[in-house]
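Q:
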Amino acid sequence: MGNKGQVAKVGYFRSHLLVAKGALRDLVQRPLGSMFTLAVIAIILALPASLYVVAKNVVIASEQVNQPAAISAYLKEGTPEARIMLLKDEIESDSAVEMVEYISSQQGLADLSQVSGFESTMSLLDEDALPALLVIHPAQATESAQRHILQLAEQHKSDFTDIRLDKDWLQRFDAVKTLSSALAVSLAVMMLMLWCLSLAIPCALVCLLTSKRFRS
Numbered sequence: 001m002g003n004k005g006q007v008a009k010v011g012y013f014r015s016h017l018l019v020a021k022g023a024l025r026d027l028v029q030r031p032l033g034s035m036f037t038l039a040v041i042a043i044i045l046a047l048p049a050s051l052y053v054v055a056k057n058v059v060i061a062s063e064q065v066n067q068p069a070a071i072s073a074y075l076k077e078g079t080p081e082a083r084i085m086l087l088k089d090e091i092e093s094d095s096a097v098e099m100v101e102y103i104s105s106q107q108g109l110a111d112l113s114q115v116s117g118f119e120s121t122m123s124l125l126d127e128d129a130l131p132a133l134l135v136i137h138p139a140q141a142t143e144s145a146q147r148h149i150l151q152l153a154e155q156h157k158s159d160f161t162d163i164r165l166d167k168d169w170l171q172r173f174d175a176v177k178t179l180s181s182a183l184a185v186s187l188a189v190m191m192l193m194l195w196c197l198s199l200a201i202p203c204a205l206v207c208l209l210t211s212k213r214f215r216s
């Protein structure tokens with residue numbers, strides 16, 4: 001009589017073995033429900049890692065775009081130094097401009113001569129072989145700031161032969177926009193999948209339990 005209330009002691013490893021056998025039996029008996037459960041667990045485990053990778057790529061791409069694109073305005077040959085300084089000060093006074101850098105023909109040749117492979121070539125060129133230019137640095141890395149500065153430079157088009165925007169910056173900007181759109185779509189698809197699975201699993205379990213009751 002005294003042994004009735006006693007529970008049989010099972011070893012640590014044996015208890016885990018029994019639980020594993022029971023779980024395996026449940027997997028075999030309810031394959032559909034188990035498959036959905038495993039799918040949800042896999043998605044939940046993979047989702048943080050996937051979001052981390054995507055977010056890291058967005059951060060890296062954003063850091064590359066944070067540096068505003070410089071606009072190069074090439075001056076006409078023979079433009080007086082006084083006129084160049086006046087243009088520089090006038091453009092630099094705009095609130096959208098951080099600074100304007102003046103690079104003379106001589107300075108351009110000197111900078112180019114420091115590049116490997118151009119040392120011998122520079123000696124064959126005249127002092128005015130390269131046009132002087134104003135490098136306009138925007139205060140903000142935004143598309144509206146770029147447009148405003150381009151319009152500002154166009155107002156002095158009579159003093160310039162060409163006005164160019166850094167194409168690499170535009171490519172990086174487009175890449176960030178594309179990546180952001182892909183991230184938004186990916187998140188929407190993942191949330192939709194989780195929502196569908198959250199609805200499908202209870203329905204599948206109810207169907208399995210109902211069919212099991214009818215069979216019994």
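Here the sequence shown stands for residues 1 to 216, numbered as in the UniProt record's numbering.
Note that the Cβ used here is the ideal one computed from N, Cα and C, for glycine as well.
1) What residues are listed by DSSP as bridge partners for ASP162?
2) Where do the N-terminal and C-terminal ends of the beta strand (DSSP E) with residue 229 fall, by residue?
3) By Cβ distance, which residues of its chain are closer than 8 angstroms to ARG83, with the 5 residues on each side in sequence left out?
4) So ALA69 packs on LEU133, CB below 8 angstroms; how close in whole Å?
5) Starting from SER15, trace the alpha helix (DSSP H) both ways and give me its first and last residue.
6) With burial defined as no fewer than 16 other Cβ atoms inside 10 Å of the residue's Cβ, what is the status of LEU38: buried or exposed?
7) Within 10 angstroms of its Cβ, does ALA23 collect 16 or more other Cβ (buried), or is it exposed?
8) What does the Cβ neighbour count give for SER72, buried or exposed, with the cut at 16 atoms within 10 Å?
9) Any idea if PHE13 is buried or exposed, counting beta-carbon neighbours within 10 angstroms, 16 or more meaning buried?
A: Walking through what the data contain:
1) Counting from 1 along the sequence shown, the entry for residue 162 is found at position 162. Answer is TYR74, bridged to ASP162.
2) Look at the range of the chain in this structure, 1 to 216, and you will see that residue 229 is not part of it.
3) Along the sequence shown, one-based indexing puts residue 83 at 83. So the list reads ASP159, once near-sequence residues are dropped.
4) Counting from one through the sequence shown, the residue named residue 69 turns up at place 69. Counting from one through the sequence shown, the residue named residue 133 turns up at place 133. Going by Cβ atoms, the distance from ALA69 to LEU133 rounds to 15 angstroms, so no, they are not a contact pair.
5) Locating residue 15 in the sequence shown gives position 15, where the first residue counts as 1. Unbroken alpha helix (DSSP H) run through SER15: 12–29.
6) Within the sequence shown, residue 38 is the residue found at index 38, counting from 1. Exposed, because fewer than 16 other Cβ atoms sit within 10 Å of the Cβ of LEU38.
7) Start at 1 with the first residue of the sequence shown, and residue 23 comes out as number 23. So ALA23 counts as exposed.
8) Residue numbering aside, residue 72 sits at position 72 when the sequence shown is read from its first letter. Answer is buried; the Cβ neighbour count reaches 16.
9) As a working note, residue 13 is residue 13 in the sequence shown. Counting Cβ neighbours within 10 Å, PHE13 comes out exposed, since fewer than 16 surround it.
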